[in-house]
Structures are given as C-alpha cells and as structure tokens.
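Number of protein chains: 4
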Amino acid sequence: MSNTIGKLFTVTSYGESHGKCIGVIVDGCPAGLSIDETDIQSELDKRRPGNSTAATGRREDDRVEILSGISGGFTTGAPVCLMVRNKDVDDSDYEKIRGKLRPGHADYTAHVKYGGYQDWRGGGRFSGRITAGFVMAGAIAKKALGTIGTEIFAHTVEIGGIAARTTSYEEIKQAVNDPLRCANAAASKRMNDLIAEVKKEGDSLGGIIECIAVNVPVGLGEPVFDNLDGELARALLAIPAVKGVEFGTGFTSARLKGSQNNDLFRVEKGRVITTSNNSGGINGGISNGMPLVVKVAVKPTSSIAIEQDTVDIEKMENTTITIGGRHDVCIVPRAVVVVEAMMAVTLCDFAMRAGYIPRVIK
Amino acid sequence: MSNTIGKLFTVTSYGESHGKCIGVIVDGCPAGLSIDETDIQSELDKRRPGNSTAATGRREDDRVEILSGISGGFTTGAPVCLMVRNKDVDDSDYEKIRGKLRPGHADYTAHVKYGGYQDWRGGGRFSGRITAGFVMAGAIAKKALGTIGTEIFAHTVEIGGIAARTTSYEEIKQAVNDPLRCANAAASKRMNDLIAEVKKEGDSLGGIIECIAVNVPVGLGEPVFDNLDGELARALLAIPAVKGVEFGTGFTSARLKGSQNNDLFRVEKGRVITTSNNSGGINGGISNGMPLVVKVAVKPTSSIAIEQDTVDIEKMENTTITIGGRHDVCIVPRAVVVVEAMMAVTLCDFAMRAGYIPRVIK
Amino acid sequence: MSNTIGKLFTVTSYGESHGKCIGVIVDGCPAGLSIDETDIQSELDKRRPGNSTAATGRREDDRVEILSGISGGFTTGAPVCLMVRNKDVDDSDYEKIRGKLRPGHADYTAHVKYGGYQDWRGGGRFSGRITAGFVMAGAIAKKALGTIGTEIFAHTVEIGGIAARTTSYEEIKQAVNDPLRCANAAASKRMNDLIAEVKKEGDSLGGIIECIAVNVPVGLGEPVFDNLDGELARALLAIPAVKGVEFGTGFTSARLKGSQNNDLFRVEKGRVITTSNNSGGINGGISNGMPLVVKVAVKPTSSIAIEQDTVDIEKMENTTITIGGRHDVCIVPRAVVVVEAMMAVTLCDFAMRAGYIPRVIK
Amino acid sequence: MSNTIGKLFTVTSYGESHGKCIGVIVDGCPAGLSIDETDIQSELDKRRPGNSTAATGRREDDRVEILSGISGGFTTGAPVCLMVRNKDVDDSDYEKIRGKLRPGHADYTAHVKYGGYQDWRGGGRFSGRITAGFVMAGAIAKKALGTIGTEIFAHTVEIGGIAARTTSYEEIKQAVNDPLRCANAAASKRMNDLIAEVKKEGDSLGGIIECIAVNVPVGLGEPVFDNLDGELARALLAIPAVKGVEFGTGFTSARLKGSQNNDLFRVEKGRVITTSNNSGGINGGISNGMPLVVKVAVKPTSSIAIEQDTVDIEKMENTTITIGGRHDVCIVPRAVVVVEAMMAVTLCDFAMRAGYIPRVIK
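Heads up: the sequence lines are chains P, C, U and R, in that order. Using the working numbering, the first residue of the first sequence is number 2, and each one after it goes up by one. Using the working numbering, the first residue of the second sequence is number 2, and each one after it goes up by one. Using the working numbering, the first residue of the third sequence is number 2, and each one after it goes up by one. Using the working numbering, the first residue of the fourth sequence is number 2, and each one after it goes up by one.
Here is the structure:
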C-alpha cells in the first residue's frame, strides 16, 4: 500500500472502517499555523451522515483528537497526527456475507492483493470512512491556504441525472447549508425526491461534484509530470467512487473548436486575466490565476439492498448477495467536503513548493 | 519542474521543442529485457506527423539514439538514456510573436513561473514535441509488459463531435493502420472531411481517445493514494491538451443506478470475472483482471491561424495575435500512441511494484 | 519536516517527548505477517531505561498500542499505526531553563527553523524518546526479515574509550543480556565503573556501536544513489547523537593498501564468498552475501549537570545553563536496539525492492 | 537501480565507463541562474586524471555538452541534461579478465543483481568514471549556492596514513592548486613519495578527504529522516570507494566527555555562534550556521597490479586475477572535487526546500 501523498506538505492516511480508529498524519505543515480542534471538527461535521435522506444510518461522533504536532494552538513544525475513534461498529451484517464479493467494491481485488489477510469488515481500508482522515488533513490545508487568501468550495452539480444550475460563486458557497450540498434549491428538492424514491427500490444514485478554488496564485504545478491537473486528479481519484475528473470544459472541450475553447488574455487592472475560463484555471499544468474549476464523477453507491449475482471467493462458486448494513443511497452530498479537502491538500503542497506558503507562518 | 514519474520503473523527461534534442531516461528497467533501436523507432514512427490531413507540416526524422543502459541488445539494469535530435527547427515564426501570449498555451504561466527565463520558442518545454520522449519510454514499458502478456492499444473514438463506434478489440487494434487512428472507416472518413474543412477556416478540433489494456494482472495499484486510476490519470494529464480522464463508464456512471452500474462477479473457467466492465477494470484503485478502459478528452489545438485577442506580456498591454508556424489541426491521431505510452509506463511501474515483472527478465 | 523513510516499506514517525504520545506508521508492510503486541513490546523493553547505571531516571511503561493494520494476529496490508503514550512527563525542570539553549542540542536550530513554535519541552521532536517509534517499526521489520532468515544484532564495542573485544557472533548475540549491551563481561565492568565515576562529575560519555546482519541476500541496494551503505547511513544518522558511520574497515581502510584491504573471492560449497570481510558485506553499494558490518559513533550525551556557557535566545544575551532533569550519562546501551531497528527497517525496504520479501507472506 | 537524488533540486545520473557517454540531468534547478559550459568545464577539469603520480593513464577530454535546460546563458527552469562523451575506451584489458571477479569491485554483486546483463567493461555503471556526472551537477549546485554566498571546499587530509595539518580555511582553499589536493606542501611531498613507491609495488592507497562549507544558512535539514547529516552521508557514499563518513569530531567524539564535546553558544555581533565546532555545524540534523565539516574515508583503489585469488563467475571455480588496464594508485586527489560536488548538490536541495534559494534567481 502507499498511503502518503504530497511532496512538501504530505498526508499519510491510516485506519480501517471497523478497526479502532481512522486517522491521518500531516507532515511538512508550516510551523506557526493557528489551528485547534474546532477548526478540524467543523470540517468533519460537514462530512457526517444523518442529516439528509441520502445518508447512512451509521452514527459516528467523529470527534477529532490531536495526538501530536500542535501545541498552544499553533503547529510546531512536527508531524501532526490526528485521529477519530470508531465507535458505532457493528460487524454482524458483514459476518453474514463473509466471503461473498460485493459487486462494485474492492473485495475481490483486495482479496487477491493482500492474500485474504485484508480487514474485510465494512470494506476495511477501502471504506468511504477513511475519508474522515482526508477531511482532517483538508482542514489543516485550508487553514494554511487561508494565509494566502486561497478559498475552496465545492457543491453538488448533479445527482441521478438531475442537474443544478448556478449563477455565481456567492450562490455556490451557500451549498454548504443545503443537506445535499446543492446550491440550487429547486434542484435540491428534485434530487431529494429522487433519492427517496430510489431508496425505496433499495437502489442507489451517483452524481457530479464541482470544486472551485479562487485566489489561487499563478504558478502552482510542476510540469511535466507533477502538473497541477495531474496531481489534483490523482488526489481526487483517491476518494472512493470517483470515476472521472475533468478540468474546465473538460470532455465538452473535445467537441469545441480552438476558436471557441481558447481563453483570450487581457490586461485588467494591471493583471493578466482571461476573458473566459474554459481551461479551468490551468495552462500547461500550471495555475494561471483564474479560478480553478474541476468536476468529478461519482458513481452510484455500490452497496445496494437488491439481490445481486456474485461469487463466494472462499468456495470459488457462484452465489447471490443481498447487502444489509447501513449505506448512503447517494454519497455525493457527503463527498463534497472530501473533494474540497483533497483539492486543499494538493494546492497547499504546490503552494509550498512554489514558495507562496513559507515554512513558518508569521 | 518535476520531470520524473514512477516509483520503481521511473521515467525522466528532458529537452525542448526548439533546443538540441528531446529525450528521456528510463531508470529501474529490469535487466535482460531484449530491446533495440527498432523496437523504439517503430513506436516513434506512429507518432510522426505528416501522414494525415490533421498533422503539422513540421518534418522530423525522430531517429532514436540509445546513449546508455542497453548493451548487446539487452537492458543492463542501468539507466537507459534515449534521445532524438531536433532538426527541423525554424524560429522565425516564433520571433514574430515574441512576447505575445498564445491563447490556450502555457506562455503566460511559464512566464510567471520561470521569471521570463523559459525557452519560449515553439512552446519550449510545453510543446507537444516532448511527447516523443514519452513514446520512447513507452516502447520500453510495452516490451517489459509483453513479458507478462499485457497488451495495450488506443484509438480515436471521437473527433470534433463525430463518434466512432467499434464492436471488438480486434477491430480496435486495426486503428493503428488508419491515418486518424480510428477503427471505424466510415467515421474516419467523416472526421477527415471535417478536419479538412476546419483547416480551411484556420481553426482546430479536439476529440476523445480510448485506451485499453488486456491481460492485466489482478492487483496492480497501491491504495489509497497510489491508486491505479489516480496514477494513470496523472500520467495521462501530463500529455499536453488532455483535459479530462474517465475510467469505464466514468461520467456516464454518475447518471446510472447502482443496480445498472455494478459489475457482477462470476466464476468462469476457474477465474473470477465480471459480467460487465463498467468499472473499466479497476475496483478500489486496484486492477481486477478485466480489461482496463480509460478515456481522455483532448481539447482542440490551441494554435490556430485565426486572429485572437491577447496580451503582450513584455509591454503589459492588450494586442492581437495571429499564429503562423506549422500546427496540427487536430492532435488526436498523433496523441493515440502517446496515450498508449503513458498507460504502458504506469502499468509497468505497478507490475514491478506488485512483483509481476521481476528485476531480471529470464 | 520530513518524517518518512523507505520506498516500499515506509516508516513515518510522529510524537514528541512531552506530548501525548510517540508513534510510528509502517506502510507497505507485507500482508500475512504474523505479529502481535508481544513481538513489539519485547523490542521496546530492550530500549527502556532504568536497568543500568548509564540510564535516565525517567520511567515509562512504553506499552505498545496497535491502532491499525494488524487484525487477528496478522498484518493486513494496510498501514500499521503504533503508539506508546507518554506518562512520566515532568515539565518543571524544563520551565526553569526555557529560552536557554542547551549546548549540543537542537534548541537553537529548531528555534530558527520553526520560528519559535517548536515544542521545546524535553527536546520535543528532537528528543531521543522518539526512537521508541523507531524500535516499534524495527520490530515489524525484524519479523519480516525473519521470514527470509536475516538476523540482526548490535552491541556496544566502546564506551568512553574502553573497547570491548569479541571473538564470535555467538558471543555478540549475548550482549542483549548485559546492561550495557556489551558482549565482553570484563570490558562491561570497566565501562560501568567509568560511567559511575563520570556520573558523579555530572558529565557524560559517548561510545561506538557495531551492528551486524547475517543471512543477508546478495543484491540489496539500488545504486548509484540508493546504495545500501548510503541508505543505512542516512537511517542511522536519524538516531540522535550519532555523528559517524563506517562500513567494514571504514576509516581504518584509508590507511591500508589495496592488497591488504581487498576481500578475495572464493567458491565454497557452491557459493561465492570472500575470505575476509573488510568491505562489511557491501560492494558497489550492494550486499554481497557476507555479514553486513557497520559501526556508528555516538557522541557523549549533550545534557550534563555541569554549568555551561550559553545564550538566552529570547533575550539574545549570553548566560549560563545548568541542566537538571533526568538524563542518561551514556545513551550507548539504550541506542543498541535502536541501531538494530534502523538497520532492520532499511534492509526490509531493500529486500522488498529486490523481491526477496513478497507482498504477501505465505 | 535508483539513479536520482534530491527532492526539489534533483540529480539523475546515467552512462557507463565504456559506453557512449557519462551524463546527468539536473531537474528543479532555479530558473535565471547564469551558467555556461565554462562554469561546468572548470569543475570537470579538476577531476581529470593525468596531472599527478596518483592518477590513471586514461586520457579523456571530458568536454561538457549542454543538451537542454540552458538557453542564452541562463537556466530556463527546464531539466538540464549534460553529457561528456567517452573517447579513450580500450576494452582489450577487460576482455582478458572477463568472468573473473575483481576483488574489491562490484563485479560479483552486479552479476547477481543484474543476472549477468550488466555492462561489465571497466566496471560499467560502477566505475569511478560516473562521478564526472556528479561533478557537472555539482558545478550547477555550486553556482546556485553562490547566489546565497555559500562556499564549499574540500581537501586531502590523509593518504596512506600520512596526515596533513592545516591551520586556516584560506590555506585549505589553496589545496586545489596542489596535484594531490593537499593544502600542506610538506605532507603533499611525502604523500607523493609514498604513492610513487606503492605504484612500483603494483599496490594502491586510500585516504581521507575533508569537506567544508561556509556561509551555510541556519536551518538546512529536514528531521527526523531527511537530516542534513543523513542526506550528506547518503550522497557521499554514492561516490565509489567511500566507506565511512563523520561529522565534526565524529568517531573521536565517542571518546570525549560531554563537557569536552559540547559546543557552547555565544552571541557575537548580534548572531548566535558556537565557540567550538565539534558538531561540524549540525545540531539535530539541521545546520547551525557554523561551518559544515565532514570527513570521508576513501578505501585504497581496488584495482591493483598484484595477482590476487578470485573466482571465475562463469565457470564457478577458483582462479587468480592480475588486473591490467589503467588505474589510479590513489583516487583521493581526484575524488576531492567529487566530494565537493555531492556536498553542493545536497546543500542546494535543502536550501531550496528551506526557501533560501528561490525558484527564480533574480
């Protein structure tokens, strides 16, 4: 396994769904960053289930514990180890299906890769629950980015094919107050109705999340292999269920002409800007100072209540599976803050590499 | 800059569009791999321009020179340094537009990041020409993957909105014989007509490339941060003009229900397979033994002959630009072998990390 | 900071001397390795103070807690997070000297590097206490190396200028039973007397530790920059107070002729061996199958009870310091198991890179 | 193999003793650094053989060729690829001993590690000749360090047991003008006589090199695993024949008391200094602003003209070997500039990581 990401600002993830805890070590964080439990807790709270139709019945307090690296309300320059304990662990549903591969999950690949030794309870290391660690790391990264004015906000732009139009960044920033993290109230209502309906069927839904970063310095990204878009894509694809990433017009740009897709440069108030932002703020793998815009495709939740064909890997024979347990019908709303976190972690690393964020915050 | 990719099988890129050469160092390649100039040249030839309406008028022989690491027809275990010289360098077109930012290019971001010291001729380090190095590295990776039976083939699935349907992998493998790398002759014809038309307008086109790998071992990928999909995305986004990446059903999966998108497991001839492949061969960031399927969105070529608004960065004032030089109307056909190369490089690294490809080929 | 070491078998250290805990994450450990608390605890116990004249009065239970990555007595392939809590924390001695730079310590360099935000209590992140984490990681590495028969043992070869001669590896392995980790009983007695004497003076002593690994596979090490000796040196110099590293005859070889220092090759029982081992088992940065032999120089403990000149960094003025607290007169005995741990961690990483230790232990 | 070192300022080595060339890629070098062939050539010239009794008869021009990354006399921010061609290649002496393991060399370990595919001519990848690449990288690093006033100089302090005393840094800097790189003329004379004598015997000598860096910023080094001393040791042990590394008093400190070895802090002209420098300028893995002082032990040249017992690895039988070819009796003088180079490369990387050297030199 390879559970560390980042070059100067590095994040190491640990913990399993049904083990003792979920956690993260943030190493390379600048010293002197003002941060406490509240900053981290408020981000974790955005990820908690139970506040919408879409979410799992599993209840976790997810109270952050700071184990190291923060002293007197400031980072010390030492590795910051953070942890949330797993409390609401119920293995019984999983015992029933032991050995049966859950379609869409990593049960089979993990079984082969780890020789059957993997912790299979609740998906173990492959559970969406590990993203609690991502969010804690993201909280620190957001704070560090805040010192240079960079702000990140994501929102639900599509669930089950229902799209949500938005007209301004101010509007998008309000998405955090919507249970589905959707900035368009009418769309949110329709999404919610669809989710309720699909829940009754025992089925699940996917969707699309858009993430935006503003006040991004020009020059983040290290071509040709540590491109800003490449590293962002890698970080975002570490979120379970993400199956696609596009920047700016992305796949749509494949159908445009150069004259339609090119962003034209202009000088405005002494700064170079572009009059459109089809590139999503990235040219040649480097941020250009315009808002960063990335979209991720989230597949429908793999765990569904409907009976499915599958294989019992211990007996190596065909069988069927009906997944009980408590699952989100649609993880999109809870993944929104996770997307923000991975964006923050990546930008923070590049901002340190480019020297925008110093080694000591003054 | 950060011009190395891979952990055990690493690729370091060097060279500029209008400098002396373009090259690559492949380090960590297994010893005892049979390879010579021909193997590398045949891949380079697939990338050469000039054999379709779509391509630039720039003519480069692109003859590979092996500088180190191969002796007597076999890799020695030492770093393999490869080079193609730049011959057909014409700076005059670029001199005319010096200081003017070419819309869609990295001129502005490079200018800020490298303080005006970047080699701006022909895009310098940001030119598509550096992908000649990627292709040379890919040639070695393909050879190494060949020792375990893994095969990679990509093709054009869309240009300018014209989609090409295919029905079998055998058909897709024939795409290499089509000037547009399109496996569907009728679609290729329509694409070609559209390219010819857009060329007259002085405009450009984008498209979509699909890449497939078959006989991929189960277990490639190192979650949670070195996922197979994450690393592939990063590698593919290093190709200039790629703006989106999706695996399997990708963005389409966001509109499906779990019951539609889940791939069901079955035992077939003693092996576990899935009856569909919506995941694109990846579960939980790890290959599941089904064909790997990834699509990349290629934006329309940024260099167009149409006059565009822009900024003169030296004078910091608004102006217009008309780009001469020789450019591909659509780079999709030439990028097909580059996509294969980056897929090969990534898979080879993971196959070494998982122990499928040994340190010495016997 | 940069608290991760290793490429495939990676160790990330966290925690501070006077914080909540000291810990380590071992990532990339093969799945299926049989290990439990006892295996780790027995190594930690070798490092505990209080069992010799040389050691500090600080009493820590140092009970290991496994937070993740081990289930049912086997590693799962997921990151293994281990922790020992700090219990016997007494800040009062440190409060008295706050702001005064302790000679020989990292107080000054940490102050500059972390802008005064570093946790200065007890040396914080620079305390020898963090090596408890190294020892826990070493316990896992030793277990993994055990699966291929590699064995590691270190011992005290010199304290305060008193050298201990040994005649066999069997004798050296008994050093673990000596309070000073010295395999020569007579020398141990003399060292102990010297330590008692120096303790009365309020002064401290240094020494030399030799570490040996037997049954090391041929071929560990990745030239030219990830040499076995280079990576070992780096790992050993991470131990506070280590100021020099030499392999085989080391600095002595500088005074020998080639004809004296070269190890001659012979075939013995179908294996290639050398008739001497002046190289310390390493040729060209790669293990040659002979015992690995490395020596490290440990400087005298920096904390002494004698008054010393120094600077008050907050007032930027000259002053004096008398260090109270509880300190080892000589850390050599306690460092012996730490040296073994760093050797184990490094060899385990290389054994995985070379394919000797597989990804799943069967 | 693993031929890249450094995190932000990275050096990748390629080439073999008897292949086409020896080279290096420097990636991550700040843009805007003024450098041309002369700067690099003058460093290469210091390493050339033939100007002392000690050196090999092999004559190489070693003319640097800049393949990429430098334009108009300045670095561009792109990877700098440098090369010297191998001209004076004579394989005949090596053909005679093919299959026979040269004692002290990497012939055996390379044979096992690379399955017999390694380029064995002249030591191939394990030849001291690859350090020509190190020196070229060092030339760039020295230039970059020069922008912050850091200066590096090494000298021969011992050959064959003859020690050279020095009294000042000014004296040491003159060592570059001595054929043996020894700052003490009398000692140099005696060393030279000894070398001449040993040459007649067909034997070889080792020695000790000291390297000093002055005007080093406080704060270089990234504990706990990327310590300045650890990374320096690793870099220096990449030089063939180096078998030991010590910082400051090093192994001698093991025999001192704390009261003797501790460096006392004082405020002098508003700066914190230490009144002695037994630490060699490093506390807790971080530079403290005093001169960096490191010594390396160089073993006697392995290639000697005296007949030695060995093994024919192809026949797996005992035999003898008499090594012809052209070899340095003592490589110490030529290694002096190589030691400087590896010191420069390491310091430059850390100076970038700590933000002392910016991404663009202004």
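Glycine included, each C-beta is placed from N, C-alpha and C at the ideal position. Remember, predicted model here, so these are calculated numbers, not experimental data.
CB contact below 8 Å: residue i versus chain C
{"i": "Lys8 (chain U)", "result": "yes"}
{"i": "Gly116 (chain R)", "result": "yes"}
{"i": "Ser14 (chain P)", "result": "yes"}
{"i": "Gln42 (chain R)", "result": "no"}
{"i": "Ala336 (chain R)", "result": "no"}
Residue i, buried or exposed, once every other Cβ within 10 Å from all chains shown has been counted against 16
{"i": "Glu318 (chain R)", "result": "exposed"}
{"i": "Asn193 (chain C)", "result": "buried"}
{"i": "Asp204 (chain U)", "result": "buried"}
{"i": "Ser69 (chain P)", "result": "buried"}
{"i": "Ser440 (chain U)", "result": "The shown model of chain U, from 2 to 363, leaves out residue 440 (chain U), and the question about it has no answer."}
{"i": "Glu159 (chain P)", "result": "buried"}
Minimum Cβ-Cβ distance from residue i to chain R less than 8 Å
{"i": "Glu247 (chain U)", "result": "yes"}
{"i": "Arg235 (chain U)", "result": "yes"}
{"i": "His156 (chain U)", "result": "no"}
{"i": "Ser93 (chain C)", "result": "no"}
Cross-chain neighbours of residue i in chain R, by beta carbon under 9 Å
{"i": "Ala355 (chain P)", "result": "Arg360"}
CB of residue i within 8 Å of CB of residue j, strictly
{"i": "Ala361 (chain P)", "j": "Gly150 (chain P)", "result": "With the sequence shown as reference, residue 361 (chain P) is identified as Val, and Ala is not the correct amino acid for it. Not a contact, by the Cβ cut-off of 8 Å."}
{"i": "Ala234 (chain R)", "j": "Val246 (chain R)", "result": "yes"}
{"i": "Ile209 (chain C)", "j": "Cys30 (chain C)", "result": "no"}
{"i": "Val299 (chain C)", "j": "Val330 (chain C)", "result": "no"}
{"i": "Ile131 (chain R)", "j": "Val225 (chain U)", "result": "yes"}
{"i": "Val136 (chain U)", "j": "Glu38 (chain U)", "result": "no"}
{"i": "Lys88 (chain R)", "j": "Asp46 (chain R)", "result": "no"}
{"i": "Ser288 (chain C)", "j": "Leu221 (chain C)", "result": "yes"}
{"i": "Gly134 (chain U)", "j": "Gly207 (chain U)", "result": "no"}
9 Å Cβ cut-off: residues of chain U touching residue i
{"i": "Thr11 (chain P)", "result": "Ser3, Asn4, Thr5, Thr13"}
Chain P within 8 Å of residue i, Cβ atoms only
{"i": "Leu195 (chain C)", "result": "no"}
{"i": "Ala107 (chain U)", "result": "no"}
Proximity test, Cβ basis, 8 Å: residue i and chain U
{"i": "Met317 (chain R)", "result": "yes"}
{"i": "Ile26 (chain P)", "result": "yes"}
{"i": "Arg48 (chain R)", "result": "no"}
{"i": "Asp329 (chain R)", "result": "no"}
{"i": "Glu17 (chain P)", "result": "yes"}
{"i": "Gly33 (chain P)", "result": "yes"}
{"i": "Ser189 (chain R)", "result": "no"}
Inter-residue Cα distance where the pair is residue i and residue j
{"i": "Ala107 (chain U)", "j": "Asp310 (chain U)", "result": "16 Å"}
{"i": "Tyr109 (chain U)", "j": "Pro301 (chain U)", "result": "19 Å"}
{"i": "Val243 (chain P)", "j": "Gly139 (chain R)", "result": "44 Å"}
{"i": "Leu229 (chain U)", "j": "Gly147 (chain R)", "result": "32 Å"}
{"i": "Ser260 (chain R)", "j": "Thr13 (chain P)", "result": "41 Å"}
{"i": "Thr347 (chain U)", "j": "Glu232 (chain U)", "result": "7 Å"}
{"i": "Ile173 (chain U)", "j": "Lys97 (chain U)", "result": "43 Å"}
{"i": "Asp28 (chain U)", "j": "Ala79 (chain U)", "result": "7 Å"}
Contacts that residue i makes with chain R (C-beta to C-beta distance below 8 Å)
{"i": "Thr76 (chain C)", "result": "Tyr118"}
Listed by chain order, chain U residues near residue i by CB distance under 8 Å
{"i": "Leu68 (chain P)", "result": "Tyr15, Gly16, Gly20, Lys21, Cys22, Gly24, Met84"}
Residue i: contacting residues in chain C (beta-carbon distance under 9 Å)
{"i": "Arg126 (chain R)", "result": "Ser69, Gly70, Thr77, Gly78, Ala79, Pro80"}
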